[in-house]
Each structure stands twice: as C-alpha cells, then as structure tokens.
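As structure tokens, the structure follows; a few thoughts come after it.
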C-alpha cells in the first residue's frame, strides 16, 4: 500500500478513503514488550504467554457446607446415629481416619478427614446434649457436598492462553494459583497535549478571541476510559521551540502522543513544520473522506519511533478521530485482537439527514433498546464539529454512507461508544421474569437508555 501524502495536503487534494487511512495507521503497530505485572496493576491487560497452573485448585478435597463428614455406607438406612470423634475447622487438618459408625464435625472449606467420603449438611442432623453423638436424618451418597481436589483447576492445566484479557475473575484465579504477577503487555502510556495561543483554562475571564481548552480534558478521559495510562502534557503555545521540546519530551516519556490542533488545511504552520522536522519524513498529512474528522496527521518521532496522532482542533473532530485511529492503534499496542468498538444495526426513530459529499458521516446519536428488542437511535443534538454538548450526550455514532441519510424506520449501522448504556434494563420479552429483582437505588425498569 502506498503511503498517504507526506506533506500538508492542498485544499482540493483527493480525499483518502477511511479504510486506507486506518490501515496505514495500524500497519506498523506492534504490541508493547511484555513485562511481569503485579496482579493489582494487570486488570484489563493482555497475557503475553500461556498461564499454566503449578498446583491444583482446590489443593485438597474439602467440604462445601457446614455439617458432618462421614462414610456414606454408614447412613444407607436413616435415621442413623454416629459417634462424633472430632471437629475440623477451615485451615486445619485431621490425620486420624473416620472409622465405621463415626463422624467428624466439619466447617465449610475444611479438608476432608481420611476415611470420610461424604458430608451431611448440619440442617439434616441433630446432636446429643454433650455433642458426642449425631443423628443423621437424611441419606447421603458418596461424594455429596465434597469438593474434589483439582475440581476447579488441575496441576499443569493451561488456565489462560496467550492473548487473554485479564478480568477480575482471571486475577482471582491467578491469586488462587499463588501468582503475584503475570507476564502481560503493559497498558500504553499516552501523552496528550493541546496546541494554540488561543487556549486557556479555568474560570478567569477570557481575553478577546480566546477559548477554553476542551480537547485535552476529553482526550485524557478517553485514554483512561479505554484502559490506557494518560499523561497530561499541557497546553503548548504556537512557538516552534516550545512545541518541539514538548513533543520530544513526551515521546521520551510515553508510548504514543495525541496532539490536537494545527493539522487542518489553512492552519498556521507551527504544528506542521515542527512535526515535519522532528518526524524525519515519517509524518503523513491526510484529508480523509469522513465528517467530522476530515484532517488527520500521523507519524513517528524520537529515537523510539513514538507514534504521534495529529488530531483536528475542533472538539468533536478530535474525539471522533481518537475513535477512528488512535484507540484501535493503542489497543493493538496493548496486545488486543479486537481493535474497534462494537457495531450494531439500529432503527432510526427520526430522520438522520445529511447531504451527498463523498464522505462517510458519523452522526452523534443516542441509542437504546426498544420494546421490539432492537436498538433504536435518535439524534443527540447539533451535528457541528464544534458542538461538544451533543457528543457528550451521545452513546453511539451513526455511520451514514454518502447519500441523503436515514429515514424514519430505516436501518442504520451504529458504532457503540457506551455499549452498557444501550443494553435494556428490563427483560427483552414480555413473558420474561425479572429474576434479579431491583436494588433500592436502581432506576425503575424501562426500555429507555440505561445509566
């Protein structure tokens, strides 16, 4: 595949297909070198090698209930009265075997004593006043209420293959195997900076012509939400030396950089000239056939060839560019195989209009399950690339190919930005039961958008 343009593109340059731009960004990305990560730091990371159990889990046969360990053959006829010859608590062990006509009081999780092959729950027993005898009121069979050694995991078993995304359950399994760390790809450290003399922060009155920096806050949050480590590199003024130093310093500290502003046709040349200089010819300036987020730049800087994503300055465009290019590339660097957000086919509850212009439009929409069990979408508000409030309200992007858009009741492809909020809060069919019930602080059951 031939590279996109390596110099800033003129206004009338042909638009680059989105698939080509994404392929170029992803082509050279590799998973970061794996490290031994402490379990407390490994949530969401991807294993770099198979995890093999050194021990069985559980390591010994133990009881699943409080009750009496006994020989099943002694209670084939009930009621049966047995002599209580001891007690085994969790964390203790009994060497003496259970003989004919004997039982041992046992607590949940305690090792099974030798000779016993079943446990009768305490609810089906009654004890003598001094506790020396127990009457078993219900027949039990061999193996009842007994957790076998290795029932969960056997020694030598591959519990997780390479490429497993570590969930809380995975970390619990690893801890149960005695592991305190795991070989995994670390989460990329992503530096985020904004550029421009017009950018300010805080509540102080703005100078004439100034605006507040929204992009950095949004992009830092997107980085964190996506499971990466965000590094705030601040606002950099339109000064060649300051921008050069900020970018090279960020490249030395981070695995990737996000810069917003200064990549559009007609923008001042500070960002373009500095990136062109320090990227040593690797920077590509693109006009992509999408709206918003048409301008995009990508290249590598510094001795470690740190990737730099040059995002547009308009806030919605910056966030959409992150979703289209940066997030998939960063997920690849983190070792993930699934790179994109989930996509579904949805029903348009209102017209999603656009004009033919040769671009793919990504409209900000609110998606929710409807009573028909399908996902329905409606506009989140204004669709200008500067209208961040609609982006904040959106939980999905409607992908509208070149044409006139979607009509009411029409089918539209949707990228889910927050899949959890789209899921129904109530069972999807009228006959289904609400088996979980509802916590006191839950919202009432509804087919509308979730939390």
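In the working numbering, the protein residues as written are 1 to 451.
Here a beta-carbon is modelled for each residue, glycine too, at the ideal position from N, C-alpha and C.
Report, in whole angstroms, the separation of the C-beta atoms of residue i and residue j, which I expect to be a contact under 8 Å.
{"i": "residue 457", "j": "residue 137", "result": "A query on residue 457 cannot be resolved here, the shown segment of the chain reaching from 1 to 451 and no further."}
{"i": "residue 146", "j": "residue 66", "result": "Incorrect: roughly 13 Å between the Cβ atoms, too far for contact."}
{"i": "residue 254", "j": "residue 191", "result": "4 Å"}
{"i": "residue 410", "j": "residue 348", "result": "5 Å"}
{"i": "residue 274", "j": "residue 240", "result": "6 Å"}
{"i": "residue 256", "j": "residue 195", "result": "That belief does not hold up - the Cβ atoms of residue 256 and residue 195 are roughly 17 Å apart, past 8 Å."}
{"i": "residue 39", "j": "residue 175", "result": "6 Å"}
{"i": "residue 171", "j": "residue 54", "result": "Their Cβ separation, rounded to whole angstroms, is 17 Å, which puts residue 171 and residue 54 out of contact at 8 Å."}
{"i": "residue 63", "j": "residue 108", "result": "6 Å"}
{"i": "residue 51", "j": "residue 160", "result": "4 Å"}
{"i": "residue 168", "j": "residue 43", "result": "7 Å"}
{"i": "residue 84", "j": "residue 37", "result": "So it is not a contact: roughly 49 Å between Cβ atoms."}
Skipping 5 residues on each side, what residues in its chain have a beta carbon closer than 8 Å to that of residue i?
{"i": "residue 206", "result": "200, 212"}
{"i": "residue 312", "result": "260, 261, 263, 264, 292, 293, 294, 295, 296, 318, 321, 385"}
{"i": "residue 31", "result": "46, 48, 185, 332, 333, 334, 335"}
{"i": "residue 343", "result": "399, 413, 414, 415, 416"}
{"i": "residue 407", "result": "348, 351"}
{"i": "residue 80", "result": "74, 135, 136"}
{"i": "residue 248", "result": "278, 301, 302"}
Which of the three DSSP states, helix, strand or coil, is assigned to residue i?
{"i": "residue 43", "result": "coil"}
{"i": "residue 129", "result": "coil"}
{"i": "residue 279", "result": "coil"}
{"i": "residue 316", "result": "helix"}
{"i": "residue 407", "result": "coil"}
{"i": "residue 245", "result": "helix"}
{"i": "residue 33", "result": "coil"}
{"i": "residue 23", "result": "helix"}
{"i": "residue 295", "result": "strand"}
{"i": "residue 386", "result": "coil"}
{"i": "residue 353", "result": "strand"}
{"i": "residue 253", "result": "helix"}
{"i": "residue 98", "result": "coil"}
{"i": "residue 78", "result": "coil"}
{"i": "residue 451", "result": "At residue 451, the pLDDT of 34 sits below 50, so the modelled position is not reliable; the number obtained from the coordinates is stated separately. DSSP places residue 451 in coil when its eight states are reduced to three."}
{"i": "residue 372", "result": "coil"}
{"i": "residue 346", "result": "strand"}
{"i": "residue 16", "result": "strand"}
{"i": "residue 273", "result": "helix"}
{"i": "residue 284", "result": "strand"}
{"i": "residue 234", "result": "strand"}
{"i": "residue 166", "result": "coil"}
{"i": "residue 331", "result": "helix"}
{"i": "residue 452", "result": "Given a span of 1 to 451 for the chain in the structure shown, any question on residue 452 remains unanswerable."}
{"i": "residue 229", "result": "strand"}
{"i": "residue 221", "result": "helix"}
{"i": "residue 175", "result": "helix"}
{"i": "residue 445", "result": "The pLDDT assigned to residue 445 is 40, lower than 50, so where the model puts this residue is not dependable, and the model offers no usable value."}
Looking only at DSSP bridge pairs, what is residue i linked to?
{"i": "residue 200", "result": "212"}
{"i": "residue 301", "result": "306"}
{"i": "residue 93", "result": "Looking at the DSSP assignment, residue 93 forms no beta bridge with any residue, so it has no partner."}
{"i": "residue 160", "result": "51"}
{"i": "residue 120", "result": "68"}
{"i": "residue 87", "result": "105"}
{"i": "residue 260", "result": "194, 311"}
{"i": "residue 361", "result": "291, 400"}
{"i": "residue 138", "result": "For residue 138, which the question treats as bridged, DSSP gives no partner whatsoever."}
{"i": "residue 181", "result": "38"}
{"i": "residue 415", "result": "343, 397"}
{"i": "residue 379", "result": "365"}
{"i": "residue 147", "result": "62"}
Within its chain, find whatever has a CB closer than 7 Å to the CB of residue i; leave out the 5 residues flanking it on each side and keep chain order.
{"i": "residue 337", "result": "163"}
{"i": "residue 448", "result": "With a pLDDT of only 38 at residue 448, under 50, the local geometry of the prediction cannot be trusted, and the value read off the model is given with reservation. The residues are 368."}
{"i": "residue 289", "result": "15, 16, 17, 18, 358, 359, 360"}
{"i": "residue 223", "result": "190, 192, 230"}
{"i": "residue 234", "result": "193"}
{"i": "residue 314", "result": "292, 385, 386"}
{"i": "residue 76", "result": "139"}
{"i": "residue 210", "result": "198, 200"}
Which same chain residues, not among the five before or five after residue i, have their C-beta less than 6 Å away from its C-beta?
{"i": "residue 218", "result": "319"}
{"i": "residue 364", "result": "380, 390, 391, 394"}
{"i": "residue 29", "result": "329, 332, 333"}
{"i": "residue 443", "result": "In this prediction, residue 443 has a pLDDT of 48, which is less than 50 and means its spatial position is unreliable; what the coordinates show is noted afterwards. Closer than 6 Å at the Cβ level, and outside the excluded window around residue 443, lies no residue."}
{"i": "residue 144", "result": "118"}
{"i": "residue 451", "result": "The predicted model places residue 451 with a pLDDT of 34, which falls under 50 and marks its position as unreliable; any figure quoted below should be read in that light. Result list for residue 451: empty, nothing under 6 Å."}
Answer yes or no: the CB of residue i versus the heavy atoms of the ligand ZN, is any distance below 6 Å?
{"i": "residue 350", "result": "No copy of the ligand ZN occurs in the structure displayed, which carries no ligand at all."}
Give a yes or no on contact between the stretch 93 to 104 and the stretch 64 to 71, applying the rule of three or more CB pairs nearer than 8 Å. Enough Cβ pairs lie closer than 8 Å, so yes.
Stretch-stretch touch, CB-based, cutoff 8 Å, three pairs: the stretch 40 to 58 with the stretch 141 to 158: As far as the Cβ criterion goes, the stretch 40 to 58 touches the stretch 141 to 158, which means the pair count is three or higher.
Report yes or no: do the stretch 393 to 411 and the stretch 344 to 360 share at least 3 C-beta pairs separated by less than 8 Å? yes
Tell me, please, whether the stretch 109 to 120 touches the stretch 81 to 95 by the rule of three or more beta-carbon pairs shorter than 8 Å. With a cut-off of 8 Å, the stretch 81 to 95 and the stretch 109 to 120 count as touching, because enough Cβ pairs lie within range.
Tell me whether the stretch 298 to 310 and the stretch 278 to 289 touch, counting them as touching only if at least three CB pairs, one residue from each stretch, are closer than 8 Å. yes
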